[in-house]
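Here the working numbering = 1-based position in the sequence shown + 2.
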Amino acid sequence: MQEKIIILDFGSQTTQLIGRRVRELNTYCEIVPYNKFPADDPSVIGVILSGSPFSVYDAKAFKLALDGIRGHYPLLGICYGAQLMAYDNGGTVEPAATREYGRAHLSEVDHHDPLMRDIPVGAQVWMSHGDTITSLPETFKVIASTAKVRCAAYRAEGEKLWGVQFHPEVYHSECGTQLLRNFVVDICGSKQDWSAASFIESTVAALREQLGDDKVVLGLSGGVDSSVAAVLLNRAIGDRLTCIFVDHGMLRKNEFRDVLRDYQGLGLNVIGIDASEKFFTDLAGVTDPEKKRKIIGRDFIEVFDAEAQKLTDVKWLGQGTIYPDCIESLSITGTTIKSHHNVGGLPEKMHLKLCEPLRLLFKDEVRAVGRELGMPERLIKRHPFPGPGLAVRILGDITPEKVRVLQDADDIFIQGLRDNGLYDQVWQAGVILLPVQSVGVMGDERTYERAVALRAVTSTDAMTADWAHLPYEFLAKVSTDIINKVKGVNRVCYDISSKPPSTIEWE
Ligand code: XMP
Numbered sequence: 003m004q005e006k007i008i009i010l011d012f013g014s015q016t017t018q019l020i021g022r023r024v025r026e027l028n029t030y031c032e033i034v035p036y037n038k039f040p041a042d043d044p045s046v047i048g049v050i051l052s053g054s055p056f057s058v059y060d061a062k063a064f065k066l067a068l069d070g071i072r073g074h075y076p077l078l079g080i081c082y083g084a085q086l087m088a089y090d091n092g093g094t095v096e097p098a099a100t101r102e103y104g105r106a107h108l109s110e111v112d113h114h115d116p117l118m119r120d121i122p123v124g125a126q127v128w129m130s131h132g133d134t135i136t137s138l139p140e141t142f143k144v145i146a147s148t149a150k151v152r153c154a155a156y157r158a159e160g161e162k163l164w165g166v167q168f169h170p171e172v173y174h175s176e177c178g179t180q181l182l183r184n185f186v187v188d189i190c191g192s193k194q195d196w197s198a199a200s201f202i203e204s205t206v207a208a209l210r211e212q213l214g215d216d217k218v219v220l221g222l223s224g225g226v227d228s229s230v231a232a233v234l235l236n237r238a239i240g241d242r243l244t245c246i247f248v249d250h251g252m253l254r255k256n257e258f259r260d261v262l263r264d265y266q267g268l269g270l271n272v273i274g275i276d277a278s279e280k281f282f283t284d285l286a287g288v289t290d291p292e293k294k295r296k297i298i299g300r301d302f303i304e305v306f307d308a309e310a311q312k313l314t315d316v317k318w319l320g321q322g323t324i325y326p327d328c329i330e331s332l333s334i335t336g337t338t339i340k341s342h343h344n345v346g347g348l349p350e351k352m353h354l355k356l357c358e359p360l361r362l363l364f365k366d367e368v369r370a371v372g373r374e375l376g377m378p379e380r381l382i383k384r385h386p387f388p389g390p391g392l393a394v395r396i397l398g399d400i401t402p403e404k405v406r407v408l409q410d411a412d413d414i415f416i417q418g419l420r421d422n423g424l425y426d427q428v429w430q431a432g433v434i435l436l437p438v439q440s441v442g443v444m445g446d447e448r449t450y451e452r453a454v455a456l457r458a459v460t461s462t463d464a465m466t467a468d469w470a471h472l473p474y475e476f477l478a479k480v481s482t483d484i485i486n487k488v489k490g491v492n493r494v495c496y497d498i499s500s501k502p503p504s505t506i507e508w509e
């Protein structure tokens, strides 16, 4: 049985990060809404309560009686989680005189406490709360303080119950990993046996059990998630998996050919379909971004479905859905976070059951699984690329000629990033074809041609992003190359907007 830590989600933005950090300790964990504790799951070894956008004394605050949890499992409350347990047991939580955001340093640490083992005095921790615990319940005692926050961490005496008001899951908390290790490994007793290899072994066995002799069809996009899902399924059921890779005409330069070759090299049973003409015809003259997306989504389903109908006896649709997609749809605060399901609508239309072997993995774990499965680095490290492809990077209507111009410019930029060792330093990059023309001079001739924008961002999850601070010399070289080599472009700009308030894609 795979032992696990349960993280009860009270709606904090960093809940997913807690999950990632626990997984980094080779310990399996699941994030569930705060009121959905799996009471009869014998594999639970400990429980973490997350932060929350609310104050514990808000009328709307998420409340939880810890019956069935407290006393049964080791418990760690983080921020709101800590405040909630203090408040519900007679402590006081009040708005902090000055809101406590950002870095602080531990000034006192009780090294006898197992949660604080090897946490040095002076360690940087990350605070992010408007409230603070001003008095603790009688049986709780302070085990760490900062200059401003006396109760930075506490323990309930005689119980396995701890609270920390800072965020150990945030990378800026220097002692965060150590603190989480103390809890997960020392206190909860994790055997730390969760790894890419163990995941593959148990998932392949589970897939064989789940699928029996059934056949599966899966849409490949060239991206990491669908590729890893395909290779994993292929390992489980071999040629009973058929993959379909649709070229909508708006992939990167030579991408269809190159990626198809990679897939075949991996032994996948894959059908490549060049449907670009259909997409170009249906998109002709359409300028509205949402309409473009809708047409592409609809056409994709039509093409995929028509091809899948040629296969006999298919019962399942394989998908590369990953954990953040599932958690987003679970989101308890009702905040809508944009999620993209490019084959949304397919399972209903095709009357297929869904098979999502990666639905419990974070992106970096998907990559680790891909590596363990022997997939080439160029597939695993590929930047995210939107399902509608270059269509959302051509502002205005789409023509094959504009796609060609953009593919050539994009190819120079991406190849340049690779050649200069910058590709792996950015989250994703691409070029946008702008709907403006401007005057230039080439040789003795006046030109009146298109402008393109380069976009490169750093990010960890695409929810927030900063523009990548690429070296000026590199940008200058890319600009010159694009203008000299791509006919139809005479101006290059660099997009220096962050997300929010901008988005990564322009459309
Ligand atoms: P935005 O533009 O919302 O993009 O900041 C966030 C991430 O999502 C990708 N993206 C998409 N991916 N289908 C996809 O599969 C889409 O329709 C789509 N739109 C945006 C974008 O490239 C970035 O990684």
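From the three backbone atoms N, C-alpha and C, an ideal C-beta is built for every residue, glycine too. Computed from a predicted structure; not experimentally measured.
Given this structure, state the Cα-to-Cα distance separating residue i from residue j, to the nearest angstrom.
| i | j | result |
| --- | --- | --- |
| S137 | S461 | 39 Å |
| R157 | W128 | 19 Å |
| A207 | I239 | 10 Å |
| H250 | E509 | 18 Å |
| R14 | S52 | Before going further, note that residue 14 is Ser rather than Arg in the sequence given. Going by the C-alpha atoms only, they are around 7 Å apart. |
| K355 | V219 | 10 Å |
| A88 | T323 | 38 Å |
| I9 | V407 | 48 Å |
| S147 | A63 | 26 Å |
| E203 | S192 | 19 Å |
| A198 | V248 | 29 Å |
| D112 | N37 | 32 Å |
| K365 | L117 | 29 Å |
| K317 | Q311 | 11 Å |
| Y59 | P97 | 10 Å |
| R242 | K404 | 39 Å |
| I7 | I50 | 7 Å |
| R237 | P170 | 37 Å |
| I20 | R452 | 46 Å |
| N256 | D315 | 33 Å |
| S71 | A106 | The sequence shown places Ile at residue 71, rather than the Ser named in the question. Using only the alpha carbons, I get a separation of about 31 Å. |
| P139 | R183 | 26 Å |
| V433 | S499 | 14 Å |
| D115 | P359 | 40 Å |
| V491 | F258 | 24 Å |
| I275 | I246 | 7 Å |
| P390 | I298 | 6 Å |
| I339 | S228 | Interpretation of I339 is limited by its pLDDT of 34, a score under 50 that renders its predicted location unreliable; no figure is taken from the coordinates. |
| I423 | D468 | Note that residue 423 is Gly in the sequence shown, not Ile. Looking at the two C-alpha atoms, the distance is approximately 19 Å. |
| I396 | L419 | 21 Å |
| G165 | Q85 | 8 Å |
| F415 | T179 | 37 Å |
Less than 8 Å between the CB atoms is what I'm expecting for residue i and residue j, so what's the real figure, rounded?
| i | j | result |
| --- | --- | --- |
| S130 | C190 | Contact doesn't hold; Cβ gap of about 25 Å is too wide. |
| T449 | P502 | Their Cβ separation, rounded to whole angstroms, is 36 Å, which puts T449 and P502 out of contact at 8 Å. |
| G93 | P76 | Actually they do not touch by this definition, with Cβ atoms about 20 Å apart. |
| L436 | V494 | No, L436 and V494 are not in contact; Cβ-Cβ is about 10 Å, not under 8 Å. |
| S319 | M352 | According to the sequence shown, residue 319 is Leu rather than Ser. With 8 Å as the limit, L319 and M352 qualify as a contact, their Cβ atoms being about 6 Å apart. |
| I273 | E309 | 6 Å |
| D11 | P35 | 6 Å |
At a threshold of 7 Å, does residue i count as lining the ligand XMP (C-beta to nearest heavy atom)?
| i | result |
| --- | --- |
| I202 | no |
| G389 | yes |
| R395 | no |
| T505 | yes |
| P326 | no |
| Q430 | yes |
| K217 | no |
| K501 | yes |
| R369 | no |
| A464 | yes |
| R295 | yes |
| P386 | yes |
Have a look at the options and flag the residue whose alpha-carbon is nearest the alpha-carbon of residue i.
| i | options | result |
| --- | --- | --- |
| T134 | G83, E159, K280, V172 | G83 |
| A464 | G132, F387, P437, L213 | F387 |
| G445 | S45, H113, P44, N486 | N486 |
| R263 | V288, G224, K293 | G224 |
| E2 | L285, I20, T29, T16 | Beyond the ends of the chain as shown, which are 3 and 509, falls residue 2; an answer cannot be given. |
| R25 | A125, D42, D195 | D195 |
| V488 | V459, S504, L348, D412 | D412 |
| H471 | K479, G398, V459 | V459 |
| E176 | L108, D421, I484, R254 | L108 |
| Q18 | G376, L362, P473 | L362 |
| L181 | L235, L27, N91, P40 | L27 |
| L66 | N91, D43, L234, V288 | N91 |
| E374 | L234, D421, F415 | L234 |
| V454 | W429, V480, F476, Y474 | V480 |
May I ask whether a heavy atom of the ligand GTP can be found less than 7 Å away from the beta carbon of residue i?
| i | result |
| --- | --- |
| F39 | With respect to small molecules bound, the structure shown includes the ligand XMP and not the ligand GTP. |
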